[in-house]
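Quick notes on the structure that follows.
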Amino acid sequence: MPLKRPAEEVESSSDLDVEQITAPAKTEDTNKRSWVWQYFKTTTSKGVSHNVCQVNKNPGGGDVCLVKLAVDKKGSTKSMANHLDRCHRIYEGKSNAGAITKFLQKGKVPKKLDWDSLTPAVARFFINCNIPFHNIENKDFRELLQLANPETTRFLCGKDNLAEFIRKSFVQGQRVIQQQFRTLKSRISLTCNAWTSPSNLSILGVTAHWITEDFSLKSMVLAAVPIEGSHTGINLGSHLVDVLEAFGISDKIFSPPARMSGILNDQPSPAEVSGIVSRISGFATFLKRSPQKSAAFDGIVKGIIGKRLSMIQDVSTRWNSTFSMLERALKLCDCIKVFCETNNLNEKYGLSPGEWKKVKQICNFLEPLNEATETISPDKTTSLVFGAPVYICLIQSLHEARTQYGAEELIPAAEDMLDKLTGYFHAAMEKPVYLCSMLLDPRIKTNTLTPEALELMKMDKQFILWKFKQEANKFSLDNYGKDKDKHNEEPIPRNTLKAISSIDEEIKVYLYSECEDESCDPLKYWMANHEQFPTLANMARTYLAVPASSAPTERALSLGRYIQDYTRNRLNASTLEALICLKSWLARDVIDIDDIKI
1265 MPLKRPAEEV ESSSDLDVEQ ITAPAKTEDT NKRSWVWQYF KTTTSKGVSH NVCQVNKNPG
1325 GGDVCLVKLA VDKKGSTKSM ANHLDRCHRI YEGKSNAGAI TKFLQKGKVP KKLDWDSLTP
1385 AVARFFINCN IPFHNIENKD FRELLQLANP ETTRFLCGKD NLAEFIRKSF VQGQRVIQQQ
1445 FRTLKSRISL TCNAWTSPSN LSILGVTAHW ITEDFSLKSM VLAAVPIEGS HTGINLGSHL
1505 VDVLEAFGIS DKIFSPPARM SGILNDQPSP AEVSGIVSRI SGFATFLKRS PQKSAAFDGI
1565 VKGIIGKRLS MIQDVSTRWN STFSMLERAL KLCDCIKVFC ETNNLNEKYG LSPGEWKKVK
1625 QICNFLEPLN EATETISPDK TTSLVFGAPV YICLIQSLHE ARTQYGAEEL IPAAEDMLDK
1685 LTGYFHAAME KPVYLCSMLL DPRIKTNTLT PEALELMKMD KQFILWKFKQ EANKFSLDNY
1745 GKDKDKHNEE PIPRNTLKAI SSIDEEIKVY LYSECEDESC DPLKYWMANH EQFPTLANMA
1805 RTYLAVPASS APTERALSLG RYIQDYTRNR LNASTLEALI CLKSWLARDV IDIDDIKI
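The sequence shown begins at 1265 in our numbering and counts up by one.
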């Protein structure tokens, strides 16, 4: 319906006798054939007639609109139709559209319910809830939408159209992100990981991480492309180059660090220790495969410790899952003993007192690795700042482990891990990203550079500071001598607030001022202090965006098993990539699917 000139609206007086109704009024005048008359009632006051709107202001409420419209002398109902459309979003053939779309549009209220408004809303619902496309043709689903608004079935697409809309939305989303990256001033860091889908597709996941002008850390999935050929570095690199070129960010990439996940995956493997771990793992698997035995074990646990506590199954792709399994088994050791004796499973899964002692030693051995995993894994906070400190703490813990453990089986494992970790550590320290990230954390700065740590790094403090200055020179903004903005954000309190005239002085003032509390957010610190330390703040935008591991990519790809379960085993690679990426983009508000034009 074309837009019309608004009719004159007159607020109704309080003494006007108008019957409040919640349903459209029935008209008895045979001349009133237009559909609008079911929403209006004609009244006369002081010799003047008005058409009074009887629509509730809020659906289901009792507060009636009561807006009075002047009666058209020619009998036209255009002014009433315009009022219904503009104020209540009611138009011909529509009883009260808007309720279902309000729910699906994340608080947005489209002007009209049509294909352009309903399809993106349904697509978002299917993407976020991992619902197979064929369910859009499900009778119960359509009846549910029809119950909310009968008009929805007129605009609801089929499964093929929905799949096509999602694929096209993915392509359009890539273009939107390209535009966003084009204006991005900071550098982008990447994490990558290979994943095998439930349908045996080999997928390369790529996530991007960057810090915005206002020092907000952003992270999202860039691609989940199928890997063709062997998983060699050259082949995977060619796939990665294709992704970077597709988004036009080849010149914005900052070198990613070496993965720490492989380091943290190392665990004791001598024969006897491995036998203990395999028996506990086998016991957890045994309970998982037998609901009856699991229920019996739960009863024993509740009787002994007074609450329900289940065994934890280790997972090969989770670095610290073995520690979690052994730690839980240690808490339930008495329950496991009773269960094995009751069910004649001592020979298969039972452990002797000496073996339980070794389990405790293994837990003590793996606990530093578990803490390191939890430190570097978050994707919502900067994590590489702890890279060098984590290395140092792990190496020191392993040195202590070699002298404290009474179990001879763990000493070779500790030595092997120490040798490997030391090699990784020295290789990592040759890259400026670890040291610079640590120094740019206002909570740490140079505090970690103790004599013991410097000896371990085989570096002296002056060399590290010289290296830091060399990197800082690459991020110089040449802002010294320019007037500062008078209305900058109030900075976090610090001891030194003197004028700075050079990069050398900027580094000196920053590093030798007092460290911030542990509760300080590094990004908020640099947002508040970017005018006093412009070069270091610009440097922080790049270094603090680098994740310490590939955990963000692994976390995103792990959701793929929910997207492609056994009910969607024929989902092709392009659609799977579209669903994985769109799920990430929508969750982080990178794109708005309602604004995408197909």
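Every residue gets a Cβ at the ideal spot worked out from N, C-alpha and C, and that includes glycine.
Keep in mind that this is a model prediction, so the values were computed, not measured.
Outcome for residue i when other beta-carbon atoms lying within 10 angstroms are tallied against a minimum of 16
i       : result
Val1541 : buried
Trp1474 : buried
Asn1836 : exposed
Met1524 : Its pLDDT being 44, under 50, Met1524 is placed unreliably in this model, and the value from its coordinates should be taken loosely. When all chains shown are included, Met1524 counts as buried.
His1352 : buried
Trp1379 : exposed
Tyr1830 : exposed
Leu1426 : buried
Glu1780 : buried
Tyr1303 : buried
Arg1825 : exposed
Gln1734 : exposed
Leu1408 : exposed
Ile1498 : exposed
Asp1281 : Below a pLDDT of 50, predicted positions are generally treated as unreliable, and Asp1281, at 39, falls in that range; no measurement from the model is reported.
Ala1691 : exposed
Ala1851 : exposed
Gln1828 : buried
Thr1308 : exposed
Leu1411 : exposed
Glu1795 : exposed
Gly1539 : exposed
Ala1451 : In the sequence as presented, Ala is not what sits at residue 1451; that position holds Arg. Arg1451 is buried by the Cβ-count criterion.
DSSP three-state assignment for residue i, whether helix, strand or coil
i       : result
Leu1409 : helix
Cys1421 : coil
Thr1496 : coil
Leu1850 : helix
Thr1447 : coil
Asn1836 : coil
Pro1490 : strand
Thr1476 : coil
Ser1466 : strand
Cys1779 : coil
Leu1630 : helix
Leu1615 : coil
Ile1576 : coil
Leu1426 : helix
Ala1458 : strand
Phe1587 : helix
Ile1354 : coil
Cys1784 : coil
Ser1298 : coil
Leu1377 : coil
Asp1858 : helix
Val1773 : helix
Leu1720 : helix
Lys1552 : helix
Ser1766 : coil
Leu1808 : coil
Leu1609 : coil
Leu1508 : helix
Ile1452 : strand
Ser1309 : strand
Gly1570 : coil
Ile1844 : helix
Residues bridged to residue i (per DSSP)
i       : result
Cys1597 : According to DSSP, Cys1597 bridges with nothing at all.
Ser1514 : Ser1514 is not bridged to any residue.
Phe1304 : Cys1317
Val1485 : Thr1471
Cβ-heavy atom distance, residue i to the ligand NAD, below 7 Å
i       : result
Asn1737 : The ligand NAD is absent from the structure shown, which contains no ligands of any kind.
Item to check | Validate contact between the stretch 1780 to 1792 and the stretch 1720 to 1730 using beta carbons, cut 8 Å, 3 pairs | outcome: By the Cβ criterion, the stretch 1780 to 1792 is not in contact with the stretch 1720 to 1730, since fewer than three pairs of Cβ atoms, one from each stretch, lie closer than 8 Å.
Item to check | Cβ pair count under 8 Å reaching 3, the stretch 1819 to 1832 against the stretch 1461 to 1472 | outcome: Yes: at least three Cβ pairs fall under 8 Å.
Checklist entry - For the stretch 1676 to 1714, which segments carrying the beta strand (DSSP E) assignment without a break, of at least 3 residues, lie completely within its bounds, in sequence order? => result The stretch 1676 to 1714 contains no whole beta strand (DSSP E) run of 3 or more residues.
Checklist entry - With contact counted as at least three CB pairs below 8 Å, one residue from each stretch, are the stretch 1807 to 1819 and the stretch 1492 to 1500 in contact? => result For the pair of segments examined, the stretch 1807 to 1819 was found not to touch the stretch 1492 to 1500: the number of CB pairs separated by less than 8 Å stays below three.
Next on the checklist: Three Cβ pairs or more, each shorter than 8 Å: is that satisfied between the stretch 1381 to 1391 and the stretch 1413 to 1430?
Outcome noted: Two segments are said to touch when three or more pairs of C-beta atoms, one from each, lie closer than 8 Å; by this definition the stretch 1381 to 1391 touches the stretch 1413 to 1430.
Checklist entry - What residue ranges within the stretch 1311 to 1349 form continuous beta strand (DSSP E) runs of no fewer than 3 residues, ordered along the chain? => result Entirely contained in the stretch 1311 to 1349, the beta strand (DSSP E) runs reaching 3 residues are, in chain order, 1312 to 1317 and 1332 to 1334.
Item to check | At least three beta-carbon pairs within less than 8 Å, the stretch 1553 to 1561 to the stretch 1616 to 1626 | outcome: Result no; under three Cβ-Cβ pairs closer than 8 Å.
Next on the checklist: Quick check: the stretch 1767 to 1784 against the stretch 1695 to 1709, are at least 3 beta-carbon pairs closer than 8 Å?
Outcome noted: Contact between the stretch 1695 to 1709 and the stretch 1767 to 1784 is present, because at least three Cβ pairs lie under 8 Å.
Checklist entry - Pairing CB atoms from the stretch 1311 to 1322 with CB atoms from the stretch 1333 to 1340, are three or more of them under 8 Å? => result Short answer: they touch.
Checklist entry - Using 8 Å as the threshold, is the stretch 1559 to 1576 in touch with the stretch 1598 to 1606, meaning 3 or more CB pairs across them? => result Counting Cβ pairs under 8 Å, three or more are found: they touch.
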